[in-house]
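Here's the structure, in structure tokens; my notes come after.
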Amino acid sequence: MIEQNLSLLLVVVPLLAAPIAAMLPNGRLPWLLALAVSWLCFILAAWQLMVVIDGDVIQYSLGGWAPPWGIEYRIDALNAIVALLVAAIAAVTLPYALLSIEQEINKEQLSLFYSVFLLCFVGLLGITQTGDIFNLFVFLEISSLSAYALIAMGRDRRALTAAFQYMIMGTIGATFFLIGVGLTYVETGTLNMLDLNQRLQPILEHRTVHTGFAFMVVGIALKLALFPLHLWLPNVYTYAPTAISVFLAATATKVAVYVMLRVVFGVFSNDFVSITPADDLFLLLGVIGVILASAAAISQHDVKRMLAYSSVAQISYMVLGMGFASVYGLTASIVHIFNHALMKGALFMAVGIIVYRIGSSRFKDMAGLGRQMPWTFAAIFIAGLSLIGVPGTAGFISKWYLMLAAIEQQAWPVALAILIGSLLAVIYMWKLIETLFFEKAEQHEIGQGVQQRSEAPLSLLLPLWLLVLANIYFGIETQVLLKATATAVDLLGVADYHE
Amino acid sequence: MKHNLILRLIAKYLFPIIALFAFYVQFHGDYGPGGGFQAGVILSVGFIFYAMVFGLKTVEQAVPMSLLRVLASMGVLIYGGTGVASMLMGGNFLDYDLLSQDPVSGQHLGILLVEAGVGITVSSVTLMIFYAFAGRDMPADGEGQ
Amino acid sequence: MIDVIIGHYNYWIVIVLMMAGFYTVISRGNLIKKIVGLNIFQTSVFLLYISIGYVSDGTAPIIAEGFTRYSNPLPHVLILTAIVVGVATTALGLALVIRIKEAYGTIEEDDIHNQDESL
């Protein structure tokens with residue numbers, strides 16, 4: 001029975017666990033339930049990836065109604081990679097969250113917190129599993145609404161305004177997406193993504209189809225934090241509770257990139273993209289995003305805000321890969337979805353450990369801390385190397401494919417922009433490493449009272465090092481990821497680039 | 500508002516009528532416009548109207564916040580449980596055909612159960628929202644009542 | 645020309661509401677007005693969906709004696725779901741506004757920005 005309902009169990013298990021967590025008493029029990037659920041989902045997602053890695057597709061009809069009249073869950077290699085990523089990040093964040101959340105959130109809110117966390121998890125997994133475009137909108141809104149609530153629980157009062165700004169922009173984005181879905185429904189009469197692809201083929205020149213496409217792309221771009229629609233991201237990542245920063249930085253925008261890939265290449269095919277200005281727009285916005293966001297990251301005073309701008313730059317890399325619309329480009333995007341989640345997850349976890357110990361994430365407060373917290377510092381160093389794209393780490397693989405895609409199409413300005421982005425990343429990561437290791441340690445009061453400038457407890461360090469080692473592992477042993485990506489790109493219908 | 504005789508009388512008479520209408524809408528979702536969400540909202544509106552006339556404390560004594568939290572969770576679990584029950588019977592998630600002896604009565608039973616779950620959750624959640632907003636002590640920045 | 649306006653009057657209404665709602669969200673500084681604008685914007689999208697579901701000479705999509713033509717029931721179901729999403733968003737937005745008022749003492753965007761550089 002598990003084999004038959006595999007793709008559905010990934011969504012139903014956390015969905016049933018969320019109300020149970022809301023009914024549990026405050027304490028460690030809700031955390032334990034969330035932890036068990038996330039590990040179970042990780043095992044299910046890994047199983048699912050093994051089933052589809054060779055090109056098979058899992059099709060599951062809800063309620064026994066056959067598609068396209070019923071909602072179906074359709075899993076191919078692309079979904080399975082992203083679902084595994086979401087489950088893995090949750091499985092690693094929850095052990096980290098035990099101590100971190102207890103320090104940042106009132107005890108009376110703990111059971112509701114983990115319940116809403118599980119709802120966000122359901123939403124993100126549902127987005128990856130579904131094959132029906134309206135169902136995708138519903139899960140998108142479930143994950144977004146729970147994310148707004150989770151962000152607003154941060155300690156600083158600016159978390160409230162950050163959540164409000166994200167809510168306004170995110171809802172506008174989701175409504176634009178809904179308008180796009182409505183316009184394509186008017187033209188084709190179906191909501192199933194595979195069926196939409198087939199029915200759109202003969203009518204690709206209609207103006208309604210183009211308008212629907214435009215609305216959908218802008219809507220997803222708001223969720224993706226594509227430049228210039230990224231204004232909500234720095235505030236959200238800076239003021240949210242630490243474990244939520246880790247979780248959202250590593251999953252929410254990546255799932256939005258997956259939605260963009262699925263809509264642009266899976267529903268509207270590659271031929272359509274070449275007759276619209278979409279690919280040139282992606283290239284242009286990607287290049288501007290990489291350079292401007294990396295430059296903005298250099299001048300920040302707060303480490304979390306610096307990492308947030310760095311995230312905007314990395315997402316622009318993924319969009320660049322989509323703009324190339326070739327095998328190398330899409331491979332780069334999908335591989336970077338996976339690798340960036342690992343890198344940013346590790347970096348945010350390390351910064352969270354610093355916040356746990358000294359209560360602040362400003363550069364001037366953490367001077368010289370690296371010498372007193374050696375393990376954390378080593379983790380930041382390795383994750384920083386991965387961010388820059390040093391060979392031997394996961395970040396190198398994605399930058400390599402991106403450069404291959406640029407060189408293949410002889411887009412020299414874009415290749416130059418990619419290199420400049422990496423150089424700027426060196427500058428801001430060096431700024432962090434220099435502050436941590438080479439500056440003199442000061443013992444001034446930060447205003448939170450007790451600070452302890454010593455190494456962090458093991459339950460915070462272990463998940464961090466798990467992610468750091470994953471960075472190195474996936475930089476050296478790339479077989480599984482590249483095989484899955486090749487299958488995914490093939491199924492998306494993108495062929496090799498021809499002149 | 501407690502001192503206004505007309506409002507007091509109307510609230511007392513209207514509340515059971517509103518509740519009855521809510522149940523009518525809930526169970527007629529099968530045959531006409533209606534269903535869980537609409538019925539849940541109408542039921543909670545009955546409670547909210549009563550609370551606006553007689554005060555939040557009166558309604559909180561009848562329907563405490565802890566009961567609402569349990570009810571909201573139970574509604575979601577009823578919905579999910581129906582789906583899981585059909586999975587245990589061998590079909591797909593929410594495959595109502597297998598819930599009873601023949602497909603037609605299975606569909607009836609399935610829709611009834613999920614709509615009941617939705618109605619319970621929606622009414623408790625909207626009432627919880629009202630409690631959360633009305634129960635806060637906010638400093639008045641205009642004339643009082 | 646007249647046919648374009650009169651024949652497609654539902655689309656014109658949708659466009660007017662959509663632009664009114666969107667303009668309110670981006671131009672008004674009061675947080676409650678932003679939420680109101682968001683609601684109007686979402687309502688226009690609901691009208692778009694429902695108005696395209698109408699089949700000429702069709703009746704309501706409930707099986708009844710003597711009727712053979714029914715309107716399309718699918719947009720109705722989609723909009724029910726979307727309305728619930730809209731209600732949840734409004735409730736969340738209002739809860740955030742109450743907390744912001746308690747934390748900052750004001751709900752005007754400019755005043756909040758002056759206090760904290762945050763909006």
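Chains A, B and C supply the protein sequences, listed in that same order.
As numbered in my numbering, residues 1 to 499 make up the first sequence, in order.
As numbered in my numbering, residues 500 to 644 make up the second sequence, in order.
As numbered in my numbering, residues 645 to 763 make up the third sequence, in order.
C-beta: ideal position from N, C-alpha, C; glycine also.
What you are looking at is a predicted structure, and each value in this text was computed from that prediction instead of being measured.
Proximity of chain C to B/Phe536 at the Cβ level (cut-off 7 Å) is accounted for by Leu724 and Val728, in chain order.
The closest CA to that of A/Phe215, considering only A/Asp76, A/Ile172 and A/Thr190, is found on A/Ile172. Look at C/Val669: its C-beta is under 8 Å from a C-beta on chain A.
Here C/Ser671 is actually not in contact with C/Tyr698; their C-beta atoms are around 33 Å apart, not less than 8 Å.
By the rule that beta-carbons nearer than 8 Å mark a contact, C/Phe685 touches chain A.
Distance from the Cα of A/Asp56 is smallest, within the candidate group A/Ala488, A/Ala34 and A/Cys120, for A/Ala488. Residue pairing by DSSP leaves A/Tyr258 without any beta bridge partner. Distances from the CA of B/Arg635 to each of C/Gly710, C/Tyr748 and C/Arg743 were compared; the closest alpha carbon is that of C/Arg743.
For the options A/Asn471, A/Arg453 and A/Ser316, the alpha carbon positioned closest to that of A/Ala341 is the one of A/Asn471.
For A/Tyr73, the enclosing beta strand (DSSP E) stretches over residues Glu72 to Ile75. If one requires a minimum length of 4 residues, the alpha helix (DSSP H) runs lying completely within the region 299-346 of chain A are 303-324, in chain order.
Residues of the region 591-613 of chain B with a C-beta atom less than 8 Å from some C-beta of chain A are Asn591, Phe592, Leu593, Asp594, Tyr595 and Asp596, listed in chain order.
In the three-state scheme derived from DSSP, where H, G and I count as helix and E and B as strand, A/Arg155 is classed as coil. Under the Cβ distance rule, C/Thr750 does not count among the residues neighbouring chain A, no pair being separated by less than 8 Å.
Beta-bridge partners assigned by DSSP to A/Asp132: A/Asn192. Distance from the CA of A/Gly131 to the CA of A/Leu178, rounded to the nearest whole angstrom, comes to 16 Å. One Cα belongs to B/Glu559, the other to B/Tyr512, and the distance between them is close to 20 Å. In the structure shown, C/Gln686 falls within a helical segment according to DSSP collapsed to helix, strand and coil. Listed in chain order, the non-local C-beta contacts of B/Leu567 below 7 Å within the same chain comprise Ser623, Leu626 and Met627, local neighbours out to five positions each way being set aside. Taking the C-beta atoms as reference points, A/Gly289 is found no nearer than 8 Å to A/Phe338.
For C/Glu752, the pairing in a beta bridge is given by DSSP as C/Asn674. Contact holds between the region 684-699 of chain C and the region 177-194 of chain A, because three or more Cβ pairs, one in each stretch, are under 8 Å apart. Annotated as proximal: A/Val259 and A/Ile127, with beta-carbon spacing under 8 Å. In this chain, B/Gln525 is not harboured by any beta strand (DSSP E); it is covered by the alpha helix (DSSP H) spanning Leu504 to Phe526. When secondary structure is reduced to three states using DSSP, A/Ser100 falls in the helix class.
Between the region 590-601 of chain B and the region 129-143 of chain A there are fewer than three C-beta pairs closer than 8 Å, too few to call the two in contact.
Close to A/Ala22, with beta-carbon spacing below 7 Å, are these residues of chain B in chain order: Arg568 and Ser572. Ranked by Cα distance from C/Thr668, the first of C/Lys678, C/Ile659, C/Ala704 and C/Leu740 is C/Lys678.
With three or more CB-CB distances shorter than 8 Å, the region 404-412 of chain A counts as touching the region 318-337 of chain A. Restricted to the region 704-755 of chain C, the alpha helix (DSSP H) segments that are unbroken, complete and at least 4 residues in length are 718-748, listed in chain order. At least 8 Å separates the beta-carbon of A/Gly345 from that of A/Ile133. Cβ-Cβ distances below 7 Å link A/Ile244 to Leu150 and Ile151 in the same chain, with the five nearest sequence neighbours on each side left out; the list follows chain order. The beta carbon of B/Gly579 falls within 8 Å of a beta carbon belonging to chain A, placing the residue at that interface. Only those residues of the region 3-15 of chain A whose C-beta falls short of 7 Å from the nearest C-beta of chain B are listed: Asn5, Leu8, Val12 and Leu15. For the 8 Å CB-CB criterion, C/Ala664 and C/Ile649 do not form a contact. Counting C-beta atoms within 10 angstroms of its own C-beta, A/Asp365 has 16 or more neighbours from the protein chains shown and is therefore classed as buried.
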